[in-house]
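The block underneath contains the structure these notes are about, expressed in structure tokens.
Residue numbers (the numbering used here), protein chains in the order written: chain A, 1352 to 1814; chain B, 1263 to 1738.
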């Protein structure tokens, strides 16, 4: 039997556009609250810029801490969009339909948020212009032969992330065109005009649908290399640094990419559960969808765990004193060893243990717990890569140090979570977070076949 | 002859196969019994190659003995090549069954039959245990050398590495055969009623009282899932162990956490390539055109394209990290394996493992044919062989004698070219693997009958609006 009732086009339009055409009562209160947290975090960043890095816990040799950890974390979350949308679209997984839009939008906002982190981390954000521009009006010091170093990750990172951001925005917008047309036809006044512009003359004729499908498939295929390159390049921020022994590892690129998919897909699963609860979308985000995401996550998590084991084993393999010092710090020195245990437990053993049970996969509370657990773990993972490596960077022990984040850093990091949530909610107010046309297509292709005495869910397939 | 219909329209014309479930068993059974002259010729040719491999092995042993690993580099390479295919192929059957891919059905048994060739790996591994250098430096504590070479076994627990390596290879072969047996049980039960002589006796023994009750089907399903999960973990672990013990650990200073992953990805690529080649031969010349549809090639080719991209991605991640680091120790490794000593083999390896298969697979119209994916499969198999030659010949000859215990390679060694016995062992070893595979097709049907029959129940041809499409049942 099929899960969920068959849905008519009218019902899909009515239920999924409810959040756009009518605001729930809690909407403005929540947005205001989140906005205040974001303002508070901006204030903290302002204090830091005014007072200098002394207000943070960063000090030699640990000059990368919460900000860079948070940067890598949000870049990781951004991998959910392409993983779910592009890969599942290309592989024609039917259960992708309700998850794609939320994943794509989460990608865009997490990327934007991620990019604020290195800017804040510089302490003098306006100087970041030196990283990229050499235009005449920028006061670049040519006279002394100073040029941007294109061989530095500080150039690679913005190039990769902005390419990904641009293509992700394009990806979202192309997929939104038919839904904007639906909104155009249901709104009046200024909203009607804006949606009309965004719908770009969409009438839903066969030629437009054909172009839209081709554009979706092409963008899916083209965005995949960008998706892989972004986190690979972020990983090479660390991997290319020969001076930090535990970072100079060939496995970092795929290890980071798989980790990013792990945290990103978990985040999307959690967002979907929240959307189902908040907007009452039980007909659209069904247990089977969360179940399918969880099964995908078992594979992704196990792949990630394999990379983690390889990374650790080969950390010890070289038997080099400076790398052993880092590993000793990670595994033997309290509280770092406790954090390591918590990290592995909450990132792999707890969630995968949950996902192996079918009933747990279909229990939304337990699934939420597993998904949050993964993301706590993945945040810790980045922290435990960055700080211990730097703390034991020097060969001489009198240069060893540790790191304790200051309240300013906690507030700024907390603000990024509020910012992404706020932006997601604002978008939910202007664009459907579940693609209308995709759900409608799914409904048309959905059918059943009878095998003996059993009725089995089935789909029409073109290829 | 079974009534089979190929359906699909437009660019997907003839993509799906709709065999008649009622006549399928009899038809496949007849095909399995029939021995064509082409099959006999293939058997004779590969049998001769098998003999050449044995001659090459004996000659190499007589010439060089088993004291040094250097002369056995090509032997290691051909072992690894066969190991990659035999360990990866059963996993393809398990993985596509796990993901409930409908197109996998004709592919499953073709993949699982490679597990019988795994026995050859087990036999070939025995001499490899003898010539693997000791973990401990025979010279003891010497300045400029390590007391114990770099190894994943660290301080060398009891029996490491040989006992654990052998145990791992044996375990892998046994688990793969268990998967084949569990999967083939239903087919053997069907065949035991008609087969006579040795085959009848064998099927009665191996079908294990199978009558196709609901409980038996559930046990089979659970058994295949558990064995598959277990096999997956064992394969990945053994790839890590083997690639470390017989490659990375033999080149002083090579510390590369991505190499076991590259080895595993290459194994998946090569095994899927070999499966596609076997499927193409069966479809084109084996009389199975009515059962192996183009949809199998079309879907498997997408997976092969993905793995091919993963291969180059992992290779690049390895290269860029070492190259950018500019450490002498790592530059020597790059010069040895990529840019200097084995540069030609590397270029050919990259050409066959990435450039050419990518150029073939990137085209949709080519992927929709049966020959396109099979051609890409053949290319990656050749690429896999070159990869194994590059890595294992280089590893075996990187640091002879006590140099193996140095902290890093001080000089980049010269390449080692194959002599006649190496050629015998490589070509003959591959021939031996094909010989055993061909023999195995005489015992078990090359198609998983129960899976193909199950597939006929799940697929229908139906009308939607003005067009006709495939309707595919998706249980659970």
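Where is the CB? At the ideal position from N, CA and C, for every residue including glycine. Treat the numbers as computed from the prediction; the structure is a model and nothing was measured.
Chain A has a Cβ within less than 8 Å of the Cβ of residue 1518/B. In the structure shown, residue 1731/B adopts extended strand secondary structure according to DSSP, grouped into three states. Taking the C-beta atoms as reference points, residue 1639/A is found no nearer than 8 Å to residue 1357/A.
Counting every other CB atom within 10 Å of its CB across the protein chains shown gives residue 1702/A a total of 16 or more, marking it as buried. Here residue 1691/A is buried: its Cβ has 16 or more other Cβ atoms, across all protein chains shown, within 10 Å. Beyond the five residues adjoining it in sequence on each side, residue 1605/A comes within less than 7 Å, by CB distance, of 1658 in the same chain, given in chain order. The beta carbon of residue 1667/B sits no closer than 8 Å to any beta carbon of chain A. One thing to note: residue 1507/B has its Cβ no nearer than 8 Å to the Cβ of residue 1580/B.
Residue state for residue 1525/B is assigned as helix, using DSSP reduced to three classes. DSSP places residue 1414/B outside both helix and strand once states are collapsed to three, so it counts as coil.
Neighbours of residue 1414/B in chain A, taken as residues whose beta carbon is under 8 Å from its own, are 1664, 1668 in chain order. By the Cβ neighbour-count rule, residue 1590/A is buried, with 16 or more other Cβ atoms within 10 Å of its own. Residue environment: residue 1364/A is assigned as buried (16 or more neighbouring CB atoms within 10 Å of its CB, all protein chains considered). Under the DSSP assignment, residue 1722/B falls in the beta strand (DSSP E) whose first and last residues are 1721-1726. By the Cβ neighbour-count rule, residue 1480/B is exposed, with fewer than 16 other Cβ atoms within 10 Å of its own.
The Cβ atoms of residue 1636/A and residue 1449/A lie closer than 8 Å to each other. Residue state for residue 1510/B is assigned as helix, using DSSP reduced to three classes.
Contiguous beta strand (DSSP E) elements confined to the region 1332-1389 of chain B do not occur, taking only those with 3 or more residues. Contact of residue 1809/A with chain B is assigned, a C-beta pair being separated by under 8 Å.
Listed in chain order, the non-local C-beta contacts of residue 1278/B below 6 Å within the same chain comprise 1269, 1270, 1555, 1557, 1732, local neighbours out to five positions each way being set aside.
Residue 1663/B places its beta carbon 8 Å or farther from that of residue 1594/B. For residue 1600/A and residue 1610/A, the gap between their C-alpha atoms comes out near 15 Å. For residue 1307/B, the enclosing alpha helix (DSSP H) covers residues 1299-1326. Looking at the DSSP output, residue 1280/B sits in a beta bridge with 1267/B. DSSP places residue 1810/A in the uninterrupted beta strand (DSSP E) bounded by 1805-1812. By the neighbour-count criterion, in which a residue is buried when 16 or more other Cβ atoms sit within 10 angstroms of its Cβ, residue 1744/A is buried. Nearest in C-alpha terms to residue 1374/A, of all of 1715/A, 1538/A, 1781/A, is 1781/A. Below the 8 Å Cβ cutoff, chain B contributes no neighbours of residue 1610/A, its closest Cβ being approximately 14 Å away.
In the same chain as residue 1358/B, and ignoring 5 residues on each side of it, the C-beta atoms closer than 6 Å to its own belong to 1366, in chain order. Counting only residues of its own chain and dropping the five nearest sequence neighbours on each side, residue 1340/B has a CB closer than 7 Å to the CB of 1687, 1688, 1691, 1692. DSSP places residue 1799/A in the uninterrupted beta strand (DSSP E) bounded by 1797-1802. DSSP places residue 1599/A in no alpha helix (DSSP H); its state is neither H nor E. Counting the other CB atoms within 10 Å of its CB gives residue 1531/A a total of 16 or more, which places it among the buried residues. Beta bridge pairing from DSSP links residue 1668/B with 1407/B. A contact is defined here as three or more CB-CB pairs under 8 Å, and the region 1329-1348 of chain B meets this definition with respect to the region 1637-1651 of chain B. Under the three-state reduction of DSSP output, residue 1684/A falls in the coil class, being neither helix nor strand.
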